[in-house]
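What follows is a set of notes on a single structure, which appears directly below.
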Amino acid sequence: MCGIVGVLGNHEAAPILVEALKRLEYRGYDSAGIATINNGTLDRRRAVGKLVNLSDLLVHDPLLGKSGIGHTRWATHGAPSVDNAHPHQAGPVAVVHNGIIENFRDLRSELAEAGIRFVTETDTETVALMTQRYMSEGLAPVDAARKTLSRLEGAFALAFLFEGEEDLIFAARKGSPLAIGHGEGEMFVGSDAIALAQMTDQITYLEEGDSAVLARNSLEIRNEAGEIANREKRQIHMDQAQIDKGGHKHFMAKEIAEQPTVIGEAVRHYLSNDGKSVALPGADIDFAGIDRLVMVACGTAYYACMTAKYWFEQLARIPVEIDIASEFRYREPPIPVRTLALFVSQSGETADTLAALRYCEGKADKIVSVVNVPESSIARESDLALPILAGTEIGVASTKAFTCQLTVLLMLALKAASDRGEMSEGEIAATLGELQTLPGILNAALEREGALRASARKLAEARDILFLGRGLMYPLALEGALKLKEISYIHAEAYASGELKHGPIALIDKHVPVVVMAPKDGLFDKTVSNMQEVMARNGKVLLITDSDGASEGAQGVWDVVTLPAVDDVLAPILYAIPAQLLAYHTAVAKGTDVDQPRNLAKSVTVE
Ligand code: M6R
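Going by this note's numbering, the first residue of the sequence shown is number 20, and it counts up by one from there.
In structure tokens form, the structure reads like this:
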């Protein structure tokens with residue numbers, strides 16, 4: 020999604036803005052721009068495509084000034100073009116915007132009737148023009164911006180810069196996050212703390228409905244009602260290592276490699292002191308008092324929910340309903356009493372998931388979230404937010420956040436099994452013991468990278484790829500297909516192995532590789548039968564299994580990758596590694612942009 024940055028500094032703003040925008044690149048964008056004030060005059064530069072295009076433009080046509088705003092745009096209204104790129108300027112006002120102004124058509128008609136001309140197709144231009152209009156009626160810049168805000172519907176974060184005002188940025192959030200950074204006689208604003216990491220670690224997060232008047236030596240925040248609001252200034256430990264590639268070619272590769280470490284940390288965080296039970300630090304959930312779980316998320320986080328459904332139902336015998344947030348929020352599902360609503364989100368800002376959470380407020384007994392960003396909206400609006408401790412995830416394709424989500428959800432399912440008396444203390448302790456060995460097993464799986472790279476080079480030739488899995492491997496097959504689509508742009512679909520013969524088998528021919536995820540578990544023989552059906556139709560099977568599975572089921576397959584054996588219940592976390600590495604190396608072989616795939620955004624803050 021779009022990224023915002025603003026600087027009231029003591030040095031030239033343009034290089035600082037571009038540097039900060041680079042740290043927002045991971046969010047996904049298709050054009051970028053900055054505006055600065057020099058000797059009271061507002062000016063801007065904008066370019067389509069990668070930030071390097073903007074940097075090149077600035078080399079030939081520099082922008083001076085120590086105050087400025089910048090933006091990376093992920094197109095919603097209007098194609099990626101220089102005209103549609105932010106900042107948008109209307110006379111003395113420049114504005115950058117994340118989110119969507121839902122009533123922009125009405126506002127646009129109103130402005131058009133007043134004879135005001137538009138030069139872009141964006142919703143954001145309306146904000147600049149409206150503010151300009153109020154200023155021309157005599158309002159001071161901040162008052163004009165506030166009056167504009169009162170007219171806007173939708174979800175947005177905004178930052179304004181005004182001609183003649185070298186010590187002023189006005190910022191506001193409603194639905195999209197904004198962070199203010201405090202420097203020494205400098206002030207910054209960014210759509211997340213990562214953007215500001217090189218300038219400051221002193222951060223104030225704006226809350227829903229807040230607006231802020233920034234100057235170099237002061238910050239005034241008002242809440243939605245217009246009252247002065249005190250918002251905490253926090254020191255953020257934004258470990259530089261987390262936002263560097265650490266010697267890897269891509270963030271995704273680094274994040275895949277980090278999984279044994281971060282999963283180990285997540286396991287330790289939720290283990291009791293004696294290591295034999297699950298403890299939720301600082302809070303508790305009594306699953307014995309719950310009859311039903313509703314789990315809601317989007318994308319990869321949804322596949323984590325789908326996996327967790329198997330765990331909660333099989334281990335704790337709790338009925339679980341799962342849904343993708345964009346459907347859940349509009350289908351008005353009844354939420355019976357004794358329902359726990361659980362929301363899973365890496366960013367904690369996904370608009371649909373947040374709306375689904377809000378739907379459950381006042382209906383569910385308890386709202387729990389499993390998030391990576393503890394300061395996020397979803398975390399703050401939950402009764403209980405459980406961190407997954409994956410560290411900053413930059414690659415658009417989620418990897419370590421997925422496996423950390425799985426780890427935390429499995430531990431929750433074990434807690435539920437214990438609370439409900441479905442597993443004995445000994446069984447829980449034994450499974451937790453296995454879980455503590457998982458980082459070592461994941462390291463061994465990462466050593467299979469060479470074999471997976473070789474398989475991926477073959478997959479890179481394909482136009483369509485199918486993924487199959489049964490039981491706990493079915494959500495993994497879906498995740499493997501999603502990962503591959505996202506970064507290699509190869510068409511990939513996943514099916515429950517048993518569904519193949521109900522239609523998708525018509526797709527099989529010698530050109531369609533079929534990736535089968537199948538550890539040697541209780542369902543293995545059934546999956547092997549489905550593989551035989553594929554191979555009987557000249558389908559090419561890539562089997563991902565353990566050594567027992569390879570010796571029993573690999574005859575006649577196109578390719579096989581062998582993973583370490585693992586307790587059945589942990590298999591989804593382990594099998595995520597080959598799914599990720601296959602997608603990664605296929606994308607590398609195809610030469611696509613692994614960390615910032617086309618059309619995608621890291622955090623989807625619009626519907
Ligand atoms: O931040 P969230 O976990 O709420 O994001 C949900 C999805 O947008 C996200 O998982 C998306 O599907 C990823 N690009 C998958 O790799």
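The C-beta atom is built at its ideal place from N, Cα and C for all residues, glycine as well. Please read these numbers as outputs of a predicted model, since none were measured by experiment.
Task: Nonlocal neighbours in the same chain, by C-beta distance under 6 angstroms from GLU441, ignoring five residues either side - done: On the sequence shown, residue 441 is found 422 positions in, with the first residue counted as 1. Taken in chain order, the residues that qualify are ALA335, ARG336.
Task: CB contact flag (VAL392, ALA383, <8 angstroms) - done: On the sequence shown, position 373 is the one that residue 392 refers to. On the sequence shown, position 364 is the one that residue 383 refers to. Not in contact: VAL392 and ALA383 (Cβ atoms no closer than 8 angstroms).
- [ ] Taking the CB atoms as reference points, tell me whether ARG64 and LEU82 lie closer together than 8 angstroms.
- [x] Here residue 64 is taken as the residue at index 45 of the sequence shown, counted from 1. Here residue 82 is taken as the residue at index 63 of the sequence shown, counted from 1. Against a cut-off of 8 angstroms, the Cβ pair of LEU82 and ARG64 comes out as a contact.
Task: Per-residue burial, PHE347 [other beta carbons within 10 Å of its own, 16 or more giving buried] - done: Position 328 of the sequence shown, counting from 1, holds the residue named residue 347. That one is buried.
Open item on the list: Excluding the 5 residues flanking ILE592 on each side, which residues of the same chain have their C-beta closer than 6 angstroms to its C-beta?
Closed with: Position 573 of the sequence shown, counted from the first residue, corresponds to residue 592. Excluding positions up to five away in sequence, the list reads THR422, LEU425.
Task: Among ALA409, ILE563, ALA420, PRO160, nearest to ALA496 - alpha-carbon criterion - done: Along the sequence shown, read from residue 1 onward, the residue named residue 496 stands at position 477. Ranking the options by Cα distance to ALA496, first place goes to ILE563.
Task: Secondary structure of VAL101, DSSP reduced to three states - done: Taking the sequence shown and counting its residues from 1, one reaches residue 101 at position 82. Of the three classes helix, strand and coil, the one that applies to VAL101 here is coil, per DSSP.
Open item on the list: I'd like to confirm something about GLY318: is its beta-carbon nearer than 7 angstroms to some heavy atom of the ligand M6R, or not?
Closed with: Indexing the sequence shown from 1 puts residue 318 at position 299. GLY318 Cβ: within cutoff of the ligand M6R.
Open item on the list: Tell me whether the segment 278 to 291 and the segment 341 to 360 touch, counting them as touching only if at least three CB pairs, one residue from each stretch, are closer than 8 angstroms.
Closed with: no
Open item on the list: Using a Cβ distance threshold of 8 angstroms, determine whether the segment 239 to 258 contacts the segment 568 to 587, with at least three qualifying pairs required.
Closed with: no
Task: Expected contact under 8 angstroms - CB spacing of THR624 and ASN122 to nearest Å - done: Mapped onto the sequence shown, residue 624 falls at position 605. Mapped onto the sequence shown, residue 122 falls at position 103. About 18 angstroms; that fails the 8 angstroms criterion.
- [ ] Could you have a look at ALA511 and say whether DSSP puts it in helix, strand or coil?
- [x] Counting from one through the sequence shown, the residue named residue 511 turns up at place 492. Here ALA511 sits in strand by DSSP.
TODO: For the alpha helix (DSSP H) holding GLY134, just list the boundary residues, first then last.
DONE: Here residue 134 is taken as the residue at index 115 of the sequence shown, counted from 1. From DSSP, GLY134 is part of no alpha helix (DSSP H); its letter is neither H nor E.
TODO: Could you name the residues of the same chain whose beta carbon sits closer than 6 angstroms to that of ALA448, not counting the 5 residues immediately before and after it, in chain order?
DONE: Your numbering for residue 448 matches position 429 in the sequence shown. Correct list, in chain order: LYS295.
- [ ] Kindly confirm or deny that the segment 135 to 151 and the segment 93 to 112 touch, where touching means at least three C-beta pairs closer than 8 angstroms.
- [x] yes
Task: Contacting residues, own chain, Cβ-Cβ under 6 angstroms from VAL315 (five flanking each side not counted) - done: As a first step, residue 315 must be located in the sequence shown, where it is residue number 296. Taken in chain order, the residues that qualify are ASP342, ALA344, PHE347, PHE362, ALA375.
Open item on the list: Between LEU429, ARG467, ARG476, which has its C-alpha nearest GLN455's C-alpha?
Closed with: As a first step, residue 455 is located in the sequence shown; it is residue number 436 there, counting from the start. Nearest option by C-alpha distance: LEU429.
Task: Pairwise C-alpha distance: THR319 and LEU501 - done: Taking the sequence shown and counting its residues from 1, the one referred to as residue 501 is at position 482. Taking the sequence shown and counting its residues from 1, the one referred to as residue 319 is at position 300. Each residue's alpha carbon lies about 8 angstroms from the other.
- [ ] State the DSSP-derived secondary structure class of GLN599, mapped to helix, strand or coil.
- [x] As a first step, residue 599 is located in the sequence shown; it is residue number 580 there, counting from the start. GLN599 falls in the helix class under three-state DSSP.
- [ ] Identify, in the order they occur along the chain, each residue of the same chain with its Cβ nearer than 6 angstroms to the Cβ of GLN151, setting aside the five sequence neighbours on each side.
- [x] Within the sequence shown, the letter at position 132 stands for residue 151. Correct list, in chain order: ALA109, GLY110, VAL112.
TODO: Decide if the segment 222 to 230 is in contact with the segment 183 to 192; the criterion is three or more beta carbon pairs, one per stretch, under 8 angstroms apart.
DONE: yes
Open item on the list: Please classify THR605 as buried or exposed, where buried requires at least 16 neighbouring CB atoms within 10 angstroms.
Closed with: Mapped onto the sequence shown, residue 605 falls at position 586. By the 10 Å Cβ count, THR605 comes out buried.
Task: Proximity test, LEU501 beta-carbon vs the ligand M6R heavy atom, cut-off 7 angstroms - done: Here residue 501 is taken as the residue at index 482 of the sequence shown, counted from 1. The answer is yes for LEU501.
Task: Short Cβ contact (8 angstroms threshold) for ILE304 with LEU451 - done: For this step, residue 304 is matched to residue 285 along the sequence shown. For this step, residue 451 is matched to residue 432 along the sequence shown. No; because the gap between Cβ atoms is not below 8 angstroms, this pair is not in contact.
Open item on the list: Quick check: does the Cβ of LEU619 come within less than 7 angstroms of any heavy atom belonging to the ligand M6R?
Closed with: Residue 619 sits at position 600 when you count from the first residue of the sequence shown. Within the cutoff, so yes.
Task: PHE181, buried or exposed, once every other Cβ within 10 Å from all chains shown has been counted against 16 - done: Position 162 of the sequence shown, counting from 1, holds the residue named residue 181. Its Cβ being crowded by 16 or more others within 10 Å, PHE181 is buried.
Task: ARG467 beta carbon less than 8 angstroms from that of HIS510 - done: Counting from 1 along the sequence shown, the entry for residue 510 is found at position 491. Counting from 1 along the sequence shown, the entry for residue 467 is found at position 448. It is not a contact, given that the beta carbons lie outside the stated cut-off.
Open item on the list: Below 7 angstroms, is the gap between the Cβ of GLN365 and the nearest heavy atom of the ligand M6R?
Closed with: Position 346 of the sequence shown holds residue 365. Yes, the beta carbon of GLN365 sits closer than 7 angstroms to at least one heavy atom of the ligand M6R.
Open item on the list: Does the CB of ILE509 have a neighbour CB from chain C at under 8 angstroms?
Closed with: Among the chains in the structure shown there is no chain C, since it carries only a single protein chain.
Open item on the list: Output needed for MET271: all residues of its chain with C-beta closer than 7 angstroms, excluding positions within five of it in sequence on either side, in chain order.
Closed with: Within the sequence shown, the letter at position 252 stands for residue 271. Hits under 7 angstroms: GLY414, ALA416, THR418, TYR603, VAL613, ASP614.
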